[in-house]
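Q: Position one of the sequence shown corresponds to residue 2 (the working numbering), numbered consecutively onward.
The beta carbon of each residue, even a glycine, is placed where N, CA and C say it ideally should be.
Just dropping this structure here.
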Amino acid sequence: MKIALAADHGGFELKEKVKSYLQTNGHDVIDLGCHTDESTDYPEYGKVCGEAVMQGNAERGIVICGTGIGISIAANKVKGIRCALCTSLIMAEMSRKHNNSNIIALGGRILEHDVALSIVEVWLNTEFEGGRHQRRVDLLDRM
Ligand code: RB5
C-alpha cells in the first residue's frame, strides 16, 4: 500500500521507526518530513499528509506528533480526511471498521514504540465494514 507519513519533532523518532516497519513489510512510503528532531510546527505536517491522501498521492496516511493530538486536528481540517488518534489496538481496529479512517495519528511521546507499531499493523489490516456505518461516514464527508 502507498502510505504518506508526516511528523513534527515530537514524532520524528517514531516516524523513522514506522517508516522502516512499513518498508520492511513491503509498503511504499512517502516521507513528508520532518527530517530531523529540530523544533517545527505540527499543523504544517498534518495538512500536507491530509492533502497527499486527498490528492490521491497516497492511499492512506500516518501522522505523528508528541501526543498525536495537534497533528490529528490539523489533518482533520482537510476536507475528506477522517483522521483517528489511536492509543490502543481496539481504537485502531474500530477506526477502520466503523469510521473508515484514512489517516491514523500517533503520539510519539506517549506510546511505547512497539505498541505504536502494533497499532499501525492492526490499522493497515482492518477493513471498513460499510453497511450502517457508510451512511454516517457519508454524513461526515458532507460536513
Ligand atoms: C510539540 O512540543 C508538541 O506540542 C506537539 O508535538 C504535539 O504534542 C501537539 O499536539
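List the endpoints of the continuous alpha helix (DSSP H) containing isoleucine 70.
A: That run of the alpha helix (DSSP H) goes 70-77.
Q: Who are the Cβ neighbours of valine 54 in its own chain at under 7 Å, not counting the five residues just before and after it?
A: If we look at valine 54 and ignore the five residues flanking it on each side, its Cβ neighbours are Ala5, Arg61, Gly62, Ile82, Asn103 and Ile104.
Q: Name the two residues that bound the continuous beta strand (DSSP E) containing leucine 107.
A: It spans 104-108 - the beta strand (DSSP E) in which leucine 107 sits, taken as one unbroken run.
Q: With a threshold of 7 Å (Cβ to nearest heavy atom), would cysteine 66 be considered close to the ligand RB5?
A: Yes, the Cβ of cysteine 66 comes within 7 Å of a heavy atom of the ligand RB5.
Q: Take the Cβ of aspartate 9 as the centre, count every other Cβ of all protein chains shown within 10 Å, and call the residue buried at 16 or more, exposed below.
A: The residue is buried, with at least 16 neighbouring Cβ atoms inside 10 Å.
Q: Look at the alpha carbon of glycine 12 and the alpha carbon of aspartate 38, and state the distance between them as a whole number of angstroms.
A: Taking the straight line from one Cα to the other gives about 8 Å.
Q: Between the segment 130-140 and the segment 60-80, are three or more C-beta pairs nearer than 8 Å?
A: No contact exists between the segment 130-140 and the segment 60-80.
Q: Can you give, in chain order, each stretch of the alpha helix (DSSP H) that sits fully within the segment 29-56 and has at least 4 residues?
A: Correct list: 43-55.
Q: How should asparagine 101 be labelled, buried or exposed, when 16 other C-beta atoms within 10 angstroms of its C-beta is the threshold for buried?
A: Counting Cβ neighbours within 10 Å, asparagine 101 comes out buried, since at least 16 surround it.
Q: Taking the alpha helix (DSSP H) that alanine 93 belongs to, which residues open and close that run?
A: Run containing alanine 93: 90-98, per the alpha helix (DSSP H) assignment.
Q: At the level of alpha carbons, what is the spacing between lysine 98 and lysine 48?
A: Approximately 24 Å, taken between the alpha carbons.
Q: Looking at the secondary structure, which residues open and close the alpha helix (DSSP H) in which leucine 23 lies?
A: Its alpha helix (DSSP H) spans residues 13-25.
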